[in-house]
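Participant: Take this structure, written in structure tokens, and hold onto it; I'll ask about it next.
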């Protein structure tokens, strides 16, 4: 199956700094990538949908200026958590949809972000 | 609006016993349905998916699911569970060019 690589798998940062998470589709082109946030023992909450070459669409309640999403190419999307605070600590997961099949999404392994 | 309901937060079964995890969905059109499994601290692995056709779908690891339009359900089943099946299971619904929405998940515990 298609492979989605997410990097880093875990990161610890200081409050006030910014952290960038990368999501790459390794063997396919993804027109759409999704970013999810998962709190401990809870479900995945969709944060935003990003389409290559256009602005991301954010879900209600997600701060656009805090969670910057860039989808610069058909194989790369990035999520930048700006001015991170301890409450931003979470598990972030990306997924990507195959260009020729707009129904199935493949998921990265997730990034554990801890803000201290 | 799309929504997915997994009524069971936790389920505990004995190893070797059969399993059924429930999932109900709400969607205005024909949905595409998925079951994913997540081990602790890991990403999601697709178990199976339903797009169209045969309503009984076979997946990996011996899992199957049945789509019942009249009941808006897509329950996951396995005839005999193994200890390695202990994980979190998520049902999800999506559609062409649309986002994928997840249920809250069901944590499966296996008794030896």
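Chains as they are written, first to last, in this note's numbering: chain A, 1 to 116; chain B, 1001 to 1112.
The beta-carbon is built from N, C-alpha and C at its ideal position, and this holds for glycine as well.
1) Against residue 1102 of chain B, what residues of chain A qualify as contacts under a CB-to-CB distance less than 7 Å, listed in chain order?
2) Compare the beta carbon distance of residue 1109 of chain B and residue 1086 of chain B with 8 Å and say whether it is the shorter of the two.
3) Got a sec? Which residues, its chain only, sit under 8 Å from residue 67 of chain A by beta carbon, not counting five neighbours each side?
4) Give the residues of chain B in contact with residue 93 of chain A, contact being defined as C-beta atoms less than 8 Å apart.
5) Given this structure, state the Cα-to-Cα distance separating residue 86 of chain A from residue 1019 of chain B, to the nearest angstrom.
6) For residue 1057 of chain B, collect the residues of the same chain with a Cβ closer than 6 Å to its Cβ; drop the 5 residues on either side in sequence, then sort them by chain order.
7) Pick out the complete beta strand (DSSP E) segments inside the region 1013-1068 of chain B, 3 residues or longer, and give them in chain order.
8) What's the gap between the Cα of residue 1016 of chain B and the Cα of residue 62 of chain A?
9) Where does residue 38 of chain A fall in DSSP's three states?
10) Which value, in whole angstroms, describes the spacing of the CA atoms of residue 1078 of chain B and residue 1061 of chain B?
11) Going by other Cβ atoms of all chains shown within 10 Å of its Cβ, with 16 needed for buried, is residue 97 of chain A buried or exposed?
12) If we cut at 8 Å on Cβ distances, does residue 1028 of chain B have a partner in chain A?
13) Who are the Cβ neighbours of residue 17 of chain A in its own chain at under 7 Å, not counting the five residues just before and after it?
14) Could you confirm whether any beta carbon from chain A is found closer than 8 Å to the beta carbon of residue 1105 of chain B?
15) Out of A:44, A:14, A:19 and A:7, which has the shortest C-alpha to C-alpha gap to residue 25 of chain A?
16) By how many angstroms is the C-alpha of residue 1043 of chain B removed from the C-alpha of residue 1025 of chain B?
17) Once you ignore the five residues that flank residue 1063 of chain B on each side, which residues in its own chain have a CB closer than 8 Å to its CB?
18) Just mark residue 1010 of chain B as buried or exposed, buried being the case when its beta carbon has 16 or more other beta carbons within 10 Å.
Facilitator: For this structure:
1) For the C-beta of residue 1102 of chain B, the chain A residues within less than 7 Å are, from N- to C-terminus, 43 and 44.
2) Going by C-beta atoms, residue 1109 of chain B is nearer than 8 Å to residue 1086 of chain B.
3) Residues 35, 47, 48, 58, 79, 80, 81 and 82 of the same chain have their beta carbon placed closer than 8 Å to that of residue 67 of chain A, with the five preceding and five following residues left out of the count.
4) Neighbours of residue 93 of chain A on chain B, chain order: 1043 and 1044.
5) Residue 86 of chain A and residue 1019 of chain B: Cα-Cα distance of roughly 39 Å.
6) Excluding residues within five positions, the ones whose Cβ falls inside 6 Å are 1048, 1050 and 1065.
7) The qualifying runs are 1019-1021, 1024-1026, 1032-1038, 1044-1050, 1056-1058 and 1064-1068.
8) In this structure, the alpha-carbon of residue 1016 of chain B lies about 43 Å from that of residue 62 of chain A.
9) Here residue 38 of chain A carries a strand assignment [DSSP, helix/strand/coil].
10) Distance between the alpha carbons of residue 1078 of chain B and residue 1061 of chain B: 9 Å.
11) So residue 97 of chain A ends up on the buried side.
12) Taking Cβ atoms only, chain A never reaches closer than 8 Å to residue 1028 of chain B, which makes this a no.
13) 84.
14) So, interface residue.
15) Its Cα nearest to that of residue 25 of chain A, the residue A:7 stands out among A:44, A:14, A:19 and A:7.
16) If you draw a straight line from the Cα of residue 1025 of chain B to the Cα of residue 1043 of chain B, it comes to about 23 Å.
17) Hits under 8 Å: 1035, 1047, 1048, 1076, 1077 and 1078.
18) Flag for residue 1010 of chain B reads exposed.
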